[in-house]
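Notes for the one structure printed next.
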Amino acid sequence: MVTRRRAGFLVLVGLTGLIAACAAPAGPRSEAAPAVPKHSGGPRLAFDNRSIDYGNVEFSQQVKASFQITNVGDQRLAIRKVDVKAVEGC
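Have a look at this one:
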């Protein structure tokens, strides 16, 4: 009986500690500084990947790719149309 009570007490203490840890702030909050452009004189694109190579892929096999594009210029960038072409053998 004593061990059951002790186990219940330990579970209660553990849950209380877990709840307290989740409720506590992670650290001091700071507001993000405004992004400083890397290039001046207009908009400029930066890519995280310049190419994607999956090697030999069967024509019927579907593949997905993603990449991030960022405007690192000091002016607004407007993308009006995107043409993407998959070329066999490229």
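To convert, note that position 7 of the sequence shown is 6 in numbering that gives the first Met the number 0; the numbers rise steadily by one, no gaps.
C-beta atoms are modelled at their ideal positions from N, C-alpha and C, and glycine is treated no differently.
Just so it is clear, the structure is predicted and the values come from calculations on it, not from any experiment.
Item checked: Element boundaries [beta strand (DSSP E), containing alanine 45] -> Indexing the sequence shown from 1 puts residue 45 at position 46. It spans 44-46 - the beta strand (DSSP E) in which alanine 45 sits, taken as one unbroken run.
Next item on the list: For valine 62, I'd like the list of residues in its chain whose CB is within less than 8 Å of its CB, leaving aside the five on either flank, ordered along the chain.
Entry: As a working mapping, residue 62 is identified with position 63 in the sequence shown. So the list reads Tyr53 and Val56, once near-sequence residues are dropped.
Margin query: Am I right that aspartate 47 and glutamine 67 are in contact with their C-beta atoms under 8 Å? What's the rounded C-beta distance?
Written below: For the purposes of this step, residue 47 is identified with residue 48 of the sequence shown, where counting begins at 1. For the purposes of this step, residue 67 is identified with residue 68 of the sequence shown, where counting begins at 1. So it is a contact: roughly 5 Å between Cβ atoms.
Next item on the list: Name the two residues that bound the continuous beta strand (DSSP E) containing isoleucine 68.
Entry: Sequence index remark: in the sequence shown, residue 68 carries index 69 (1-based). Unbroken beta strand (DSSP E) run through isoleucine 68: 68-70.
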